[in-house]
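See structure below.
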Amino acid sequence: MAKSTLTPELAARFASIALGHVRREYPNKPDHTLAGPQDAQTPSQLHPVFYGSYDWHSCVHSYWMLARLLRLFPDLPVAADIRALFDEQFVAEKIAVECAYLAAPTARGFKRPYGWGWLLKLAEELALHDDRRWSERLRPLAEIFAQRFRDFLPLATYPVRVGTHFNTAFGLRMAMDYAVVTDDRDLAALLGETGRRWYGADADCPAWGEPSGDDFQSSALIEAECMRRLLPAEEFLPWFDRFLPRIAQREPATLFRPATVTDRSDGKIAHLDGLNLSRAWCWRSIASALPECDARRAIAEETADRHLAAGMPRIAGDYMGEHWLASFAVLALEA
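Counting from 1, position 116 in the sequence shown corresponds to residue 360 in this note's numbering; the numbering is continuous, with no gaps.
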């Protein structure tokens, strides 16, 4: 099976999909607590930057994807549209409203940790652009979420191991990219210490609960990908040997079989298309950390390609998947 890669044609398709929904306000699923009648506002009033794409976190990672594709393929047919969007949305006044929202006591846990990780991933990507205006304008919001990680992680005695937005391994993994690019060594150290504390002793992962009916992440594989990102190779490889010791036998078997999706108009069931894409991302990333002579590397790559083949035809067609799946396709194709 030939390895799929991110091509200019796919980038143009994905960018056009995202441009079609990052400013589509409805339907919308706000994660919003009302402390009083004054808090009953529309999505665009609450979040003037990230009000589209059905929900806040999907809007954030759709902006990440657009920023990523623009940097990789600056001559995209829609490149001017992306730049115009960023010039209009990444402005001080709108960012200030996003920051003010987070100051409310009711917003303490807003989008923790999934949205936190994606916002920092967006900040990391914008910091890599030659034009630093967008990065500088987003910086106040990124600093709030970085501080939320600093405040929360020492309090979090236990990880969350589900396959949905609350998975803590995903948050650590994405935040580490931001910490490295911004040279925030204290945050990077905290992320690494937390990963070791939460997951360092894990061994012989059974993955018996996968997939659950609305997973879009593999709790086993995102933990492995998290530790790959957090740990130096000489520490990760022995940990991985203990964590999934039977990869050569393709066990646990559930991690090697793409998920079946029966109804893509159901937002929860449609998560399983994302599971196939996010598993592909994790398997490819893990494969890259294994020695070329290691038989597990070819198994991981083959399994990634099988999951990618299951997920790629489902990027568009129903809004329950269309508003977010392309971002995970980009992660997988680039891994």
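Note that beta-carbon positions come from the ideal geometry of N, C-alpha and C, so glycine has one too.
DSSP three-state label for residue i, please.
{"i": "Asp459", "result": "coil"}
{"i": "Ser306", "result": "helix"}
{"i": "Leu346", "result": "helix"}
{"i": "Ser260", "result": "helix"}
{"i": "Met245", "result": "Because Met245 carries a pLDDT of 46, less than 50, the predicted location of this residue cannot be relied on, and the following value inherits that uncertainty. DSSP places Met245 in coil when its eight states are reduced to three."}
{"i": "Gly439", "result": "helix"}
{"i": "Glu454", "result": "coil"}
{"i": "Asp319", "result": "coil"}
{"i": "Ala492", "result": "helix"}
{"i": "Thr412", "result": "helix"}
{"i": "Thr498", "result": "helix"}
{"i": "His567", "result": "coil"}
{"i": "Ala419", "result": "helix"}
{"i": "Asp430", "result": "helix"}
{"i": "Val425", "result": "helix"}
{"i": "Ala311", "result": "helix"}
{"i": "Ala576", "result": "helix"}
Residue i: buried (16+ other C-beta within 10 angstroms of its C-beta) or exposed?
{"i": "Arg473", "result": "buried"}
{"i": "Trp452", "result": "exposed"}
{"i": "Cys526", "result": "buried"}
{"i": "Cys343", "result": "exposed"}
{"i": "Leu519", "result": "buried"}
{"i": "Cys537", "result": "exposed"}
{"i": "Leu310", "result": "buried"}
{"i": "Pro287", "result": "buried"}
{"i": "Met245", "result": "Since pLDDT at Met245 reaches only 46, below the 50 mark, its modelled position is unreliable, and the value read off the structure follows with that caveat. So Met245 counts as exposed."}
{"i": "Arg528", "result": "buried"}
{"i": "Val574", "result": "buried"}
{"i": "Tyr270", "result": "exposed"}
{"i": "Thr350", "result": "exposed"}
{"i": "Leu316", "result": "exposed"}
{"i": "Glu566", "result": "buried"}
{"i": "Gly457", "result": "exposed"}
{"i": "Glu454", "result": "buried"}
{"i": "Gln461", "result": "buried"}
{"i": "Ala386", "result": "buried"}
{"i": "Gly439", "result": "buried"}
{"i": "Ser509", "result": "exposed"}
{"i": "Asp375", "result": "exposed"}
{"i": "Leu534", "result": "buried"}
{"i": "Asp299", "result": "buried"}
{"i": "Gln333", "result": "buried"}
Would you say residue i lies against chain D (beta-carbon separation less than 7 angstroms)?
{"i": "Gln333", "result": "Included in the structure is just one protein chain, with no chain D present."}
Pull up the CB-CB distance for residue i and residue j, whole angstroms please, since I reckon it's below 8 angstroms.
{"i": "Leu516", "j": "Val505", "result": "5 angstroms"}
{"i": "Tyr402", "j": "Lys365", "result": "In fact, because the Cβ distance is near 24 angstroms, the residues do not count as touching under 8 angstroms."}
{"i": "Ile339", "j": "Pro274", "result": "Not really, about 19 angstroms apart at Cβ, beyond 8 angstroms."}
{"i": "Asp325", "j": "Leu263", "result": "6 angstroms"}
{"i": "Ala413", "j": "Cys470", "result": "4 angstroms"}
{"i": "Glu368", "j": "Val425", "result": "5 angstroms"}
{"i": "Asp459", "j": "Gly407", "result": "3 angstroms"}
{"i": "Leu232", "j": "Leu465", "result": "This structure cannot settle anything about residue 232, because the visible part of the chain is limited to 245 through 579."}
{"i": "Met564", "j": "Gly511", "result": "4 angstroms"}
{"i": "Gly359", "j": "His301", "result": "4 angstroms"}
{"i": "Ala514", "j": "Asp562", "result": "7 angstroms"}
Every unbroken beta strand (DSSP E) inside the stretch 510 to 563 [3 residues or more]: none
Continuous alpha helix (DSSP H) assignments of at least 4 residues falling wholly in the stretch 463 to 488: 463 to 474, 477 to 487
Complete runs of the alpha helix (DSSP H) confined to the stretch 322 to 407 [at least 4 residues]: 323 to 333, 336 to 346, 358 to 371, 377 to 396
Inside the stretch 249 to 298 only - alpha helix (DSSP H) runs reaching at least 4 residues: 252 to 263, 287 to 290
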